[in-house]
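Chains as they are written, first to last, in the working numbering: chain U, 26 to 280; chain F, 26 to 280.
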């Protein structure tokens with residue numbers, strides 16, 4: 026039987042706990058190659074590195090070779106992994122396990138999801154996996170979910186340009202009440218800047234903010250997670266708002 | 026009559042030629058505040074700055090106060106402009122004029138478009154404007170288009186969460202054959218990495234690539250631009266692939 030080839034990446038960096046769990050679990054269903062940023066790259070969105078050269082180092086964890094560290098973004102890691110570091114195109118790319126939720130508006134800021142997006146652009150099916158807590162270090166159930174959903178993707182395939190964005194609540198496995206398809210919520214941040222003065226009397230600003238949930242239907246990603254279920258949202262990158270094209274035809278667009 | 030309040034930003038940086046043209050043209054329809062990155066931030070995607078403080082400098086161009094320079098991304102500039110630098114929320118945000126096209130897959134890498142996305146997340150209507158050439162310095166017609174489309178947005182409004190992504194071909198005004206609504210194409214890059222060795226004998230990689238156009242319908246952004254027309258695509262950030270939810274319900278998602 027052919028062994029599946031799996032590329033694993035993340036945005037918390039190659040030394041994060043979530044990617045260690047992910048490699049462990051996915052090694053049970055295939056041969057895993059890790060290509061991940063050397064340092065944390067959270068909230069980088071879908072950035073790619075054009076103005077600097079990329080460099081690669083071989084990284085050990087627990088005394089063994091673990092993977093390739095790259096001085097770039099998660100999207101850079103996917104590009105470089107597929108084009109230069111792996112002999113053949115992988116069968117799937119799995120990104121994570123992210124520390125913190127990637128639901129609602131977070132999806133567009135997320136480096137974790139952008140790695141999966143880069144993957145489907147390169148015609149490799151992809152899954153992004155997040156644990157919806159900034160503090161819990163127990164990635165074990167999220168790892169099992171990542172393995173099962175990856176298995177299903179390898180078995181069934183995904184439509185062109187589609188990835189699965191998975192969010193796992195940080196609770197014990199026997200409290201989980203299901204794994205369900207969802208849609209992206211409209212939740213966003215109630216933000217402010219904390220304005221301060223540095224020791225040289227110059228002003229600087231820190232971004233701060235609280236998450237707001239703005240829609241409460243039972244099939245919304247954030248709502249599902251609040252209800253102790255794992256959320257699985259199919260995501261694509263045709264951003265066209267089709268239902269507005271007709272209205273736009275009536276506008277006087279030419280100067 | 027109330028004067029419109031307009032926030033202008035970009036990703037080529039506050040000293041780029043395109044943003045000078047944009048401020049000039051939009052000053053004819055309102056009061057313009059410029060908040061833009063101090064240095065070039067192309068291909069940053071929808072990055073925001075969480076790990077560093079943001080700083081602001083006042084920038085002069087041609088001997089007059091021009092705007093606020095920020096050591097962050099285009100999305101940072103929009104957040105900071107609205108929350109800290111402007112007295113009231115602007116009526117519209119216009120991002121550009123970008124040097125180079127933001128069509129098809131480029132939309133998801135684009136700092137120019139991400140500024141407009143951040144704007145609609147904050148409930149301010151937005152327009153992103155690009156000149157589809159990396160070399161032409163004649164932004165005058167693109168500036169006129171930006172002004173006219175901004176006028177229409179101020180008159181008609183936009184649906185919640187929708188921005189307009191405008192791409193202007195780099196040709197003379199009298200060769201332009203129209204300004205038309207379009208949808209995002211599937212075009213992407215045929216990419217490779219140029220692998221080199223530095224003077225210290227260490228390997229590094231440069232990303233290189235050629236644009237490919239992959240769909241040729243007459244309402245595709247890239248096709249419209251090739252046909253000497255201005256492309257206007259309504260864009261939104263609900264990334265859910267709705268038509269795959271039913272299929273996903275049949276999968277065995279739980280481990």
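In this text, a Cβ means the ideal position worked out from N, Cα and C, and glycines have one as well.
**Request:** Report the rounded CA-to-CA distance for residue 66 of chain U versus residue 88 of chain U, giving the unit in angstroms.
**Result:** On the first chain, position 41 is the one that residue 66 of chain U refers to. On the first chain, position 63 is the one that residue 88 of chain U refers to. Rounded to whole angstroms, residue 66 of chain U and residue 88 of chain U show a C-alpha spacing of 25 Å.
**Candidates F:279, F:240, F:211, F:256: closest to residue 262 of chain U by CA position** = For the purposes of this step, residue 262 of chain U is taken as the residue at position 237 of the first chain. Checked all of F:279, F:240, F:211, F:256; the closest Cα to residue 262 of chain U is F:211.
**Item:** Complete runs of the alpha helix (DSSP H) confined to the stretch 27-82 of chain F [at least 4 residues]
**Value:** 42-51
**Asked** Beta-carbon of residue 109 of chain F versus every beta-carbon of chain U: anything under 7 Å?
**Response** For the purposes of this step, residue 109 of chain F is taken as residue 84 along the second chain, with counting starting at 1. Residue contact with chain U for residue 109 of chain F: present (Cβ-Cβ distance below 7 Å to some residue of chain U).
**Request:** Would you please verify whether the beta carbon of residue 87 of chain F is less than 7 Å from any beta carbon of chain U?
**Result:** Counting from one through the second chain, the residue named residue 87 of chain F turns up at place 62. Judged by the 7 Å Cβ criterion, residue 87 of chain F is not in contact with chain U.
**Asked** Which whole-angstrom value describes the C-beta separation of residue 160 of chain F and residue 126 of chain F, a residue pair presumed to lie in contact below a C-beta threshold of 8 Å?
**Response** Position 135 of the second chain, counting from 1, holds the residue named residue 160 of chain F. Position 101 of the second chain, counting from 1, holds the residue named residue 126 of chain F. Not quite, the Cβ-Cβ distance comes to about 12 Å (not below 8 Å), so this is no contact.
**Prompt:** What are the start and end residues of the beta strand (DSSP E) that includes residue 256 of chain F?
**Reply:** Here residue 256 of chain F is taken as the residue at index 231 of the second chain, counted from 1. Counting along the chain, the beta strand (DSSP E) containing residue 256 of chain F begins and ends at 255-260.
**Message:** So that I know if they touch, is there some Cβ in chain A lying closer than 7 Å to that of residue 263 of chain U?
**Reply:** The structure shown has no chain A; the protein chains it does contain are U and F.
**Request:** Would you mind telling me which residues of chain U sit closer than 7 Å to residue 40 of chain F, beta carbon to beta carbon, in chain order?
**Result:** Position 15 of the second chain, counted from the first residue, corresponds to residue 40 of chain F. Residues of chain U passing the Cβ test: none, with the nearest at roughly 16 Å.
**Request:** Note down the Cα distance separating residue 171 of chain F from residue 242 of chain U, rounded to an integer number of angstroms.
**Result:** What you label residue 171 of chain F is simply residue 146 of the second chain in a count that begins at 1. What you label residue 242 of chain U is simply residue 217 of the first chain in a count that begins at 1. Going from the Cα of residue 171 of chain F to the Cα of residue 242 of chain U covers about 38 Å.
**Message:** So with CB distances below 7 Å, who are the chain F contacts of residue 203 of chain U?
**Reply:** Position 178 of the first chain, counted from the start, is the residue given in the question as residue 203 of chain U. The answer, in chain order, is 279.
**Prompt:** Who are the neighbours of residue 260 of chain F on chain U, taking C-beta pairs under 8 Å?
**Reply:** Residue 260 of chain F sits at position 235 when you count from the first residue of the second chain. By Cβ distance, chain U contributes 264, 265, 266.
**Request:** Classify residue 133 of chain F as helix, strand or coil using the three-state DSSP reduction.
**Result:** For this step, residue 133 of chain F is matched to residue 108 along the second chain. In this structure, residue 133 of chain F counts as helix in the three-state DSSP scheme.
**Message:** Any beta carbon from chain U within less than 7 Å of residue 177 of chain F's own beta carbon?
**Reply:** Mapped onto the second chain, residue 177 of chain F falls at position 152. With 7 Å as the cut-off, residue 177 of chain F counts as an interface residue toward chain U.
**Message:** Just to confirm before moving on: does the CB-CB distance between residue 124 of chain U and residue 55 of chain U stay below 7 Å?
**Reply:** Numbered from 1 along the first chain, position 99 holds the residue referred to as residue 124 of chain U. Numbered from 1 along the first chain, position 30 holds the residue referred to as residue 55 of chain U. Cβ atoms of residue 124 of chain U and residue 55 of chain U: not closer than 7 Å.
**Continuous alpha helix (DSSP H) stretch holding residue 246 of chain U: start and end** = Along the first chain, one-based indexing puts residue 246 of chain U at 221. Segment 246-251, the alpha helix (DSSP H) holding residue 246 of chain U.
**Message:** Going by beta-carbon coordinates alone, are residue 97 of chain F and residue 74 of chain F separated by less than 7 Å?
**Reply:** Locating residue 97 of chain F in the second chain gives position 72, where the first residue counts as 1. Locating residue 74 of chain F in the second chain gives position 49, where the first residue counts as 1. Result yes, Cβ atoms of residue 97 of chain F and residue 74 of chain F sit closer than 7 Å.
**Prompt:** So residue 120 of chain U and residue 192 of chain U are in contact, right, with Cβ under 8 Å, and what is the actual spacing, rounded?
**Reply:** Counting from 1 along the first chain, the entry for residue 120 of chain U is found at position 95. Counting from 1 along the first chain, the entry for residue 192 of chain U is found at position 167. Actually they are not in contact, since the Cβ atoms of residue 120 of chain U and residue 192 of chain U sit about 13 Å apart, beyond 8 Å.
**Item:** Neighbour flag for residue 193 of chain F against chain U, beta carbons, 7 Å
**Value:** In the second chain, the residue the question calls residue 193 of chain F occupies position 168. No, because no Cβ of chain U sits closer than 7 Å to the Cβ of residue 193 of chain F.
**Item:** Under 7 Å between C-beta atoms of residue 169 of chain F and residue 280 of chain U
**Value:** Indexing the second chain from 1 puts residue 169 of chain F at position 144. Indexing the first chain from 1 puts residue 280 of chain U at position 255. It is a contact, given that the beta carbons lie within the stated cut-off.
**Asked** Taking any Cβ of chain F, which residues in the stretch 228-242 of chain U have a Cβ under 9 Å from it, in chain order?
**Response** So the list reads 228, 229, 230, 231, 232, given in the order they occur along the chain.
**Message:** Let's see if you can read the secondary structure: which residues bound the alpha helix (DSSP H) around residue 159 of chain F?
**Reply:** Counted from its first residue, the second chain places residue 159 of chain F at position 134. Bounds of any alpha helix (DSSP H) do not take in residue 159 of chain F, whose DSSP letter is neither H nor E.
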